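Worksheet for the structure shown next.
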Amino acid sequence: MAGRCSSSASTGSPADTVSYYTPSAQPSAVTGGTYTLCIDLRWPVTIEIGALGEHRLPAGTYAYTGSAFGTGGFSRVDRHYDLAAGKNETRHWHIDYLLGHDAATVAGDVRTPEADVECAVADQLPPSPVPGFGASDCDCSTHLAYDEDGDRLREAVASAHRRAKAGE
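Residue numbers for the sequence shown follow full-length UniProt numbering, so the first one is 1 and each next one is one higher.
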């Protein structure tokens, strides 16, 4: 499926396993960790992204990497799915402005439970057209990756999570 994360597929040895989830196949939200959302942008858009201002985003696949270590753990990811589905209109983070657009769909996510590898994953992914996106609390250039080839980006995300978890 071009431009989409696979459904509940795993690869590698148990220590190196990275799972892809779709909205209907989510594991328990109790645990926290690092996640990357796979987002399909069906057509080009111009979006006002909070303090980052207005940006033109081409159609294609985006990958947003974040962390969920608060009391709700991965329930933060559920909030992202709800916002993209139009069930929540509140905008707190940069990603909310993208997910709240009609052209954006969350196709799935990759999670590394109980590992703080957000910046390590983001640094291994291709750049986005929005410098500083999701990176206001760190020194990374961005936490949003872009590729018009969704399969290539999905593989890069899975590989980045495996390498970051292994400490590479």
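Built from N, CA and C at the ideal position, the CB exists for glycine as well.
The structure presented is a predicted model; accordingly, all values stated were derived computationally and were not measured.
Minimum C-alpha distance to residue i - residue among the options
| i | options | result |
| --- | --- | --- |
| residue 54 | 111, 132, 167, 149 | 132 |
| residue 44 | 33, 113, 62, 103 | 103 |
| residue 124 | 65, 81, 134 | 65 |
| residue 107 | 116, 146, 119, 63 | 63 |
C-alpha gap between residue i and residue j, whole angstroms
| i | j | result |
| --- | --- | --- |
| residue 87 | residue 99 | 11 Å |
| residue 24 | residue 52 | Since pLDDT at residue 24 reaches only 45, below the 50 mark, its modelled position is unreliable, and the value read off the structure follows with that caveat. When rounded, the distance between both Cα atoms is 32 Å. |
| residue 4 | residue 155 | Low per-residue confidence applies at residue 4: pLDDT is 34, beneath 50, and the placement is therefore not dependable, though the value from the model is reported in the following sentence. Roughly 11 Å between the two C-alpha positions. |
| residue 113 | residue 127 | 24 Å |
| residue 163 | residue 111 | 13 Å |
| residue 121 | residue 36 | 9 Å |
| residue 6 | residue 48 | Confidence at residue 6 is low in this model, with a pLDDT of 37, below 50, so the placement of that residue should be treated as unreliable; the coordinate-derived value is given next. One C-alpha to the other measures close to 30 Å. |
| residue 143 | residue 31 | 21 Å |
| residue 166 | residue 89 | 37 Å |
Residues that DSSP places opposite residue i in a beta bridge
| i | result |
| --- | --- |
| residue 45 | 57 |
| residue 67 | 34 |
| residue 81 | Its beta-bridge partners do not exist; DSSP assigns none. |
| residue 106 | 39 |
Beta-carbon spacing of residue i, residue j below 8 Å
| i | j | result |
| --- | --- | --- |
| residue 134 | residue 94 | yes |
| residue 78 | residue 61 | no |
_Within 8 Å, do at least three Cβ pairs link the region 146–163 to the region 66–74?_
no
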